[in-house]
Amino acid sequence: MRALQFVDKKIAVSELSQPEVAAGEVLVRVVRAGVCNTDIEITRGYFDYSGTLGHEFVGVVEKAEDAAMVGKRIVADINCACGRCAVCLEGGAHHCPTRTVLGIVNRNGAFADYLVVPERNLVVVPETVPDDIAVFAEPVAAALEIQEQLELAQEESVCVIGDGKLGLLIAMTLDASGFKVDLVGRHPERRERLGGFAGRYGIEPSESNYAVVVEATGNPDGFRLAIQLTRPQGILVLKSTYSSGFEFNPAMIVVNEIRVQGSRCGPMDKAVALLASGKLDLRPLIDHRFSLDDGVAAMEQAMARGTLKVLLDIS
């Protein structure tokens, strides 16, 4: 089978054997996959990963212990946990100390004809959700995690800093859930891609004291701005990781008693339900699509300034 891999610090399409299916796992034929900033950062040294890239995908189950799952179109949680440790048993599978992560930590990813993933990670995609929408399930789940973690009051304004792929999805999911959103970014012309987005979108924030600020730039300047915009006893959500360390003075966090909340992966079932509701039309975010054979070019395009979503058509 074909696989777009990052090995020996090089990106290349390779020929591999079809993966073996262990107990509790399913074999999935990948139909569509999306390039994420994490995929790009891995090729720049983020995580010491070597193998098949990719974790945003939709596919069809080819082999499973449960025969009823064969032929189902699915997406999957990317965190493959043991399911037995204390962390897993307490509901924290995303933080299982021995977990593998699809295309990121010790498990081959979705930029391939086939992949294997635990059956318990699967979420069936309704027939009404096209592949080009279903492929967004993982990043939409990550965006929804903010609402899972926080008790947000809809009358409070939420400021999202950063209008890259993740920032846009965060703003759109908050807006679709009825929250008042102020999206701050450098590309307000992208508003036309956001469909019925009702929030404010500008280069500068409209307020200086927000109850909740979401930092989605992964940039030190974005982090510092987020601290400035969070009101006393407000919540600062960190949604992006940072490629390197940087200096900042935590005094404002202490003095203003700001709660800092890290936020990562989210509920795949709720993401699929939101996509099925029709409240989000994410197709305008798609800039380019490539075949898997042209996977290297797809990665290069995804790295180009101004590019939003790049898809890989696998089958």
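Going from the sequence shown to the numbering used here is simple: count from 1 and add 27.
Ideal Cβ placement from N, Cα and C applies to all residues, glycine included.
Keep in mind it's a predicted model, so treat the numbers as computed, not measured.
Looking at D202 and M28, is the spacing between their C-beta atoms short of 8 Å?
no
For N135, which residues from the same chain have a beta carbon less than 6 Å from its beta carbon, with the 5 sequence-adjacent residues on both sides left out?
Contacts found: G78, T79.
In the DSSP assignment, the alpha helix (DSSP H) including F317 goes from what residue to what residue?
Not the alpha helix (DSSP H): F317 falls in the beta strand (DSSP E), residues 313 to 318.
Give me, in chain order, the residues of the same chain whose beta-carbon lies closer than 6 Å to that of E172; leave out the 5 immediate sequence neighbours on both sides.
The residues are S290, G293.
DSSP on T200, reduced to helix/strand/coil?
helix
So K266 and G61 are supposed to be a Cβ contact under 8 Å. How far apart are they, rounded?
Actually they are not in contact, since the Cβ atoms of K266 and G61 sit about 17 Å apart, beyond 8 Å.
Verify whether the separation of the beta carbon atoms of A238 and E178 is less than 8 Å.
no
Assuming the contact rule is C-beta atoms closer than 8 Å, F74 and V132 should be a hit. Round their C-beta distance to whole Å, please.
7 Å
Relative to the C-alpha of F84, which candidate in G333, R56, A95 has its C-alpha closest?
R56
In angstroms with no decimal places, state the Cα-to-Cα distance between A324 and K297.
Each residue's Cα considered, the two are about 33 Å apart.
Mind checking whether V150 and C186 have CB atoms under 8 Å apart?
Cβ atoms of V150 and C186: not closer than 8 Å.
Between the C-alpha atoms of L339 and H82, what's the straight-line distance to the nearest angstrom?
12 Å
In the DSSP assignment, what are the bridge partners of D209?
C186, R227
Quick check on the DSSP output: what are the complete beta strand (DSSP E) runs of length 3 or more inside the region 215 to 288, in order along the chain?
Segments of the beta strand (DSSP E) lying fully in the region 215 to 288: 227 to 229, 237 to 242, 257 to 265.
Please report the residue range of the beta strand (DSSP E) in which D340 lies.
336 to 340
Please tell me whether E234 and I188 are closer than 8 Å, where the distance is taken between their beta carbons.
No, Cβ-Cβ distance for E234 and I188 is not below 8 Å.
Please work out which residues of its chain come closer than 6 Å, Cβ to Cβ, to A169, disregarding the five sequence neighbours upstream and downstream, and give them in chain order.
C292, G293
Starting from P166 and walking both ways along the alpha helix (DSSP H), at which residues does that stretch end?
164 to 176
Please look up how many angstroms separate the CB atoms of V40 and V87, rounded, as I've assumed it's under 8 Å.
Their Cβ separation, rounded to whole angstroms, is 21 Å, which puts V40 and V87 out of contact at 8 Å.
Indicate whether at least one CB of chain C lies closer than 8 Å to the CB of P294.
Among the chains in the structure shown there is no chain C, since it carries only a single protein chain.
Return the CA-CA distance between E231 and L312, expressed in angstroms with no decimal places.
22 Å
At 4 residues or longer, and completely inside the region 103 to 137: list those alpha helix (DSSP H) runs for me, N to C.
List check, alpha helix (DSSP H) in window: 113 to 116.
Go ahead and pull the three-state DSSP assignment for Q45.
Residue state, collapsed to three classes: coil.
What are the boundary residues of the alpha helix (DSSP H) that E327 is part of?
322 to 330
Quick one: what's got a C-beta closer than 6 Å to H122's C-beta in the same chain, skipping five residues either side?
The beta carbon of H122 is closer than 6 Å to those of V114 in its chain, skipping five residues each way along the sequence.
Counting C-beta neighbours from all protein chains within 10 Å, is the total for K192 16 or more, i.e. buried, or is it exposed?
buried
For L116, is the classification buried or exposed, using 16 other Cβ atoms within 10 angstroms of its Cβ as the cut-off for buried?
exposed
I think D93 touches E146, with their Cβ atoms under 8 Å apart; what is that distance to the nearest whole Å?
7 Å
Hey, G245 and Y269 are a contact pair by Cβ (cut 8 Å); roughly how many whole angstroms apart?
Between Y269 and G245 the Cβ distance is about 6 Å, and since that is below 8 Å, they are a contact.
Can you tell which of Q181, E175, G110, A180 has the C-alpha that lies nearest to the C-alpha of N148?
G110
Quick test of your reading: A224 and A198, contact by CB under 8 Å. State the CB separation rounded to the nearest angstrom.
Residue identity differs from the one stated: residue 224 is Phe in this sequence, not Ala. That pair is a contact at about 7 Å.
Is it true that the CB of I67 sits closer than 8 Å to the CB of M330?
yes
Is K37 helix, strand or coil when you go by DSSP?
strand
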